[in-house]
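The numbering of the sequence shown is the numbering used here, which starts it at 768 and goes up by one. Ideal Cβ placement from N, Cα and C applies to all residues, glycine included. Please read these numbers as outputs of a predicted model, since none were measured by experiment. Have a look at the structure below, then the notes.
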Amino acid sequence: AYDIHKVKAFIDELPYELTQDQKLAVNDIYRDFKKKHSSYRLIQGDVGSGKTIVALLGAYAIITAHEQVAIMAPTELLARQHYQFFKTYLKDCHIALLTRKTKDKDQLKEDIKNHNIDLVIGTHALIEKDVLFNKLGLIIIDEQHKFGVGTRASLLEKAKTKDVIYLTATPIPRTLAMIAFGNQHVSIIKTKPEHRLPIQTRYITKNTIQELYDMMYSALIRKEHIFLVVPAISSDKVSDNIETVYQEISEEFKCPIFVLHSKIEEDEKEKVMENFMYTPGSIMISTTMIEVGIDLPTATVIGIYAAEHFGLSQLHQLRGRVGRGNLASFCYLISEKEAIERLEVLSKTDDGFKLAEY
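Structure (structure tokens):
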């Protein structure tokens, strides 16, 4: 059983108060832990609602019971961000990162097998046959829909009878979540942490792009980060793509500009993303690759070009790349067309669950 005193002390020491929804989700998880049988739970946290700290509190409880925890994330970048986040809070725990880039893999696998590691965070690398755990008590799968059924099953195989938490930032209408997971197994986190300001969303057409440029200029002066998202790398079908937008932006702005898309090598992508994150006052032009898991508190403006080419939930996910700190943030939906209903809906609400119902 987990050590309730350690857990309570840990929660008291957090630098902020948990929201009501976060508290309820944590209680749900702890109730699951007390059951005689293994259980699974879907935690749906709307973009920026703070579901990672809920997962961390679940992981910490299991570690106090002297069992191991595995967290699987869909990308190397997200796994590394989780690693940094968990290390910041769980200073007394032994935490390891396992991805295809990990050096001394054999030694790390040995340490996992001998229970010298409490928590392993990784990508698909976690499901390799020779990654053997020693009392694996909890599996957390982030953005679970990004993994195939086989991948998830391979990881669950390693735990046999233990608890599983699925995390997702994609709001599924409650009724659908219930059908898929059953009423007892769904926790929903809607409320955003108190210091977060709502993201102001504007729907503009290409001929009023100057409005976005003005906002970008002031953000760059404040040394903030900007994302510009396009639907294609190069295309005759879409006039706004990586090539054309890069040309327009580099003529207009004299700051560092980074580019990210699927044709760039995996290792190069990581470098580009890191360089962007560590360059205050810079612009990233990207395809939808930035959709999940980039948590940059200084990102305050996102412009989504040819926004009518994206689905509603994808637009909501992309918008969630800004507004993650306590700075005022803005999302511009840019379209050649006027009066596209879903873009108007998006500019009126930032509640992912309302959008999912829509």
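Same chain, Cβ closer than 7 angstroms to L864, neighbours up to 5 away in sequence not counted: A846, R847, Y850, I888 and G889
Cβ-based burial, D873 [other Cβ within 10 Å; buried from 16]: Counting Cβ neighbours within 10 Å, D873 comes out exposed, since fewer than 16 surround it.
Beta-carbon gap between E961 and T786 smaller than 9 angstroms: yes
9 angstroms Cβ cutoff met for I810 and V821: V821 is positioned such that its CB atom lies closer than 9 angstroms to that of I810.
Length of the line joining the Cα atoms of I993 and L1085: 12 angstroms
Under 9 angstroms between C-beta atoms of T1055 and Q1014: no
Reduced DSSP secondary structure (H/G/I, E/B, other) of R808: strand
Three-state class that DSSP yields for I971 in the structure shown: In the structure shown, I971 falls within a strand segment according to DSSP collapsed to helix, strand and coil.
Limits of the unbroken alpha helix (DSSP H) element including S713: A question about residue 713 goes unanswered here, because the residues of the chain that appear run from 768 up to 1125.
Continuous alpha helix (DSSP H) stretch holding I1009: start and end: I1009 to E1019
Between the CA atoms of F1077 and D981 - distance to the nearest angstrom: The straight-line gap from Cα to Cα measures roughly 24 angstroms.
CB contact flag (L964, L1063, <9 angstroms): no
Spatial neighbours of M983 in its chain, beta-carbon cut-off 8 angstroms, leaving aside the 5 residues before and after: I993, F1020, I1050, V1068 and G1070
Collapsed DSSP secondary structure at T1067 in the structure displayed: strand
Beta carbon of L857 nearer than 9 angstroms to that of A832: It is not a contact, given that the beta carbons lie outside the stated cut-off.
Exposure of N1008, with buried meaning 16 or more beta-carbon neighbours within 10 Å: buried
Completely contained alpha helix (DSSP H) runs for the segment 906-963, where each covers 4 or more residues: Complete alpha helix (DSSP H) runs here, min 4: 916-924 and 941-948.
Where L1085 sits in the DSSP three-state scheme: helix
Burial state of G1119 (16 or more Cβ within 10 Å): When all chains shown are included, G1119 counts as buried.
Cβ contact check for the segment 790-807 and the segment 937-955: 3 or more pairs under 8 angstroms: yes
Limits of the unbroken beta strand (DSSP E) element including Y1099: F1097 to S1102
Unbroken stretches of the beta strand (DSSP E), 3 residues or longer, contained in the segment 832-882: Within the segment 832-882, the complete beta strand (DSSP E) runs of at least 3 residues are 835-839 and 862-865.
C-alpha gap between F852 and S1114, whole angstroms: Computed Cα separation, rounded: 31 angstroms.
Proximity of Q835 and I907 at Cβ, strictly below 9 angstroms: Inclusion of Q835 and I907 in the CB contact set at 9 angstroms is not warranted, their separation being larger than that value.
Proximity of D930 and R1091 at Cβ, strictly below 9 angstroms: Contact flag unset, no.
Q977 classed as buried or exposed, judged by whether at least 16 other C-beta atoms fall within 10 angstroms: exposed
Proximity winner among E1018, C1022, T975 and L1027, relative to P998 (alpha-carbon distances): L1027
As assigned by DSSP and simplified to three states, the class of V996: strand
V1026 in three-state terms, based on DSSP: In the three-state scheme derived from DSSP, where H, G and I count as helix and E and B as strand, V1026 is classed as strand.
Rounded distance between the beta-carbons of L905 and I829, thought under 8 angstroms: 4 angstroms
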